[in-house]
Amino acid sequence: MSADQYLRYDPSVEQIRPDEAEAVAEIVASIKRTSDRTFQRDKHGTRQQHAKGVGFLRGELTVYDGLPDHLRQGLFKEARSYPVIVRLSTAFNKSDRVRSPRGFAIKVLGVTGPKATDDDDSTNQDILLVNHASYFKDTKAYLDGAQRNFEFSLILPDFLFRVGGFASRALVALADKTGIHIPMLFRALGDPGNNILGETFHTEGALRFGDHVARLRVVPMSESLRKLTGQPCHDGDNVVLESVVAFFRENSAEYELRAQLCTDLTRTPIEDASIDWPEDVSEPQALGKITLPRQAADSSARSIYANEVLSFDPWRCLAAHRPLGSIMRVRRDAYRMSRTLRQQQNQGMAKQPPGEPRQIADLPD
Numbered sequence: 004m005s006a007d008q009y010l011r012y013d014p015s016v017e018q019i020r021p022d023e024a025e026a027v028a029e030i031v032a033s034i035k036r037t038s039d040r041t042f043q044r045d046k047h048g049t050r051q052q053h054a055k056g057v058g059f060l061r062g063e064l065t066v067y068d069g070l071p072d073h074l075r076q077g078l079f080k081e082a083r084s085y086p087v088i089v090r091l092s093t094a095f096n097k098s099d100r101v102r103s104p105r106g107f108a109i110k111v112l113g114v115t116g117p118k119a120t121d122d123d124d125s126t127n128q129d130i131l132l133v134n135h136a137s138y139f140k141d142t143k144a145y146l147d148g149a150q151r152n153f154e155f156s157l158i159l160p161d162f163l164f165r166v167g168g169f170a171s172r173a174l175v176a177l178a179d180k181t182g183i184h185i186p187m188l189f190r191a192l193g194d195p196g197n198n199i200l201g202e203t204f205h206t207e208g209a210l211r212f213g214d215h216v217a218r219l220r221v222v223p224m225s226e227s228l229r230k231l232t233g234q235p236c237h238d239g240d241n242v243v244l245e246s247v248v249a250f251f252r253e254n255s256a257e258y259e260l261r262a263q264l265c266t267d268l269t270r271t272p273i274e275d276a277s278i279d280w281p282e283d284v285s286e287p288q289a290l291g292k293i294t295l296p297r298q299a300a301d302s303s304a305r306s307i308y309a310n311e312v313l314s315f316d317p318w319r320c321l322a323a324h325r326p327l328g329s330i331m332r333v334r335r336d337a338y339r340m341s342r343t344l345r346q347q348q349n350q351g352m353a354k355q356p357p358g359e360p361r362q363i364a365d366l367p368d
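For the sequence shown, the residue numbers in this note's numbering are 4 to 368.
Here it is as structure tokens:
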């Protein structure tokens, strides 16, 4: 497609529903309640989402040379390399026998330019992705379908999650076969539990892409990764972390970062994150390569730093990559609340206070 076939960014691409502020307030209040309960139970503050870290990696993002003008936007304006920190995670802070969505959070270091929020004084760009292409439709759907259920789930034993996962996987298989729509909650509970390193990861909604609008994805490229695609990894309490550590002890890895550009608000919507953007409407286009060398993917010092000191926030970004749409707007307040509570609860527990890394060496060996 030529550049003039992609939607040009304008603030009017976002359409805020009248009930969104109320739903955001309810989500933030629920986050506070769940955070208080988990702290009382564990005597430690944890992330509300993707609390279980399963690999902590140093690497490099290389922006490709010769990108067409419509892709040379923001972070990708010029061909160059950036150091990156990658935190791999699972959505549930439970045994890996309870299968749950996988996360791939990237912190790009040394990024300069106007930021999306006035309180972001870092030189970092965070990109948060999960292994599901679609998400909850909007803030209200997230409140009803995810946050309230998450709050209730704190009292449920693991075996009920495993029973729910078995039923959800059967429902997902039926939906995929017949084309019927099922709520995102069942797709999350029905995650197959495959090896995290072979998964393809997606931003959970749209973001500004300079002059345009995009969704991003990370795709395994090296043969050693692609061999892991679709391979089960759920037969132990901590098997996901163990598999990541074992892989990077012997192998390096390459992923490709790609963008789907918005063409129109009907086929590639911004306010409805539950609709996949069809690849025949907007083909994913390569932006750069993420290289992760052989390394110790977990150590006591690295784990503590990644889990206790680091935070990842889609709103820690360049203004050129400002998150867009209802499901991304709620994350501005939700992530800030979760991060603030966790830092207050854990004050004095870590050897260093929470903060943003300035150089890749800040991630311990």
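All C-beta atoms, glycine included, are put in the ideal place defined by N, C-alpha and C.
Query                                                                                                                                                            : Result
According to DSSP, is N310 helix, strand or coil?                                                                                                                : helix
Please list, in chain order, all residues of the same chain as I19 whose beta carbon is under 8 Å from its beta carbon, the five residues on each side excluded. : S329 and R332
Tell me, please, which residues DSSP counts as bridged to V133.                                                                                                  : G106 and H205
At the level of alpha carbons, what is the spacing between A299 and L60?                                                                                         : 8 Å
Among D147, F189 and R100, which one has its Cα closest to the Cα of F162?                                                                                       : R100
Are there 16 or more other CB atoms within 10 angstroms of the CB of I88, so buried, or fewer, so exposed?                                                       : buried
Using 9 Å as the threshold, is the C-beta distance between V248 and D301 below it?                                                                               : yes
Can you check which of these residues, D279, H237, S225 and D267, is closest to A256 by C-alpha distance?                                                        : S225
Assuming T65 is part of the beta strand (DSSP E), what are its boundary residues?                                                                                : K55 to V66
Do A276 and A209 have their C-beta atoms closer together than 9 Å?                                                                                               : yes
Please report how far the alpha carbon of R172 lies from the alpha carbon of P160, in whole angstroms.                                                           : 19 Å
Mapping the DSSP letters down to three states, classify R90 as helix, strand or coil.                                                                            : strand
Can you name the start and end residues of the beta strand (DSSP E) that L290 belongs to?                                                                        : Q288 to L295
Measuring CB atoms only, is the segment 306-323 touching the segment 122-140, in the sense that at least three cross pairs come out at less than 8 Å?            : yes
If you drop the 5 nearest sequence neighbours on each side, which residues of the same chain put their C-beta closer than 8 Å to that of V114?                   : L78, Y85, T126, N127, Q128 and L321
As a quick exercise: from E282, L91 and K46, pick the residue whose alpha carbon is nearest that of G56.                                                         : L91
Starting from R270, trace the alpha helix (DSSP H) in both directions and tell me its first and last residue.                                                    : Looking at the DSSP string, R270 is not in any alpha helix (DSSP H), and its letter there is neither H nor E.
Please name the residue in D22, I109, A82 and E207 whose C-alpha comes closest to that of Q263.                                                                  : E207
Please return the same chain residues whose Cβ sits closer than 6 Å to the Cβ of P296, not counting the five positions on each side in sequence.                 : S255
Confirm, please, whether the CB-CB distance from A191 to S98 is below 9 Å.                                                                                       : no
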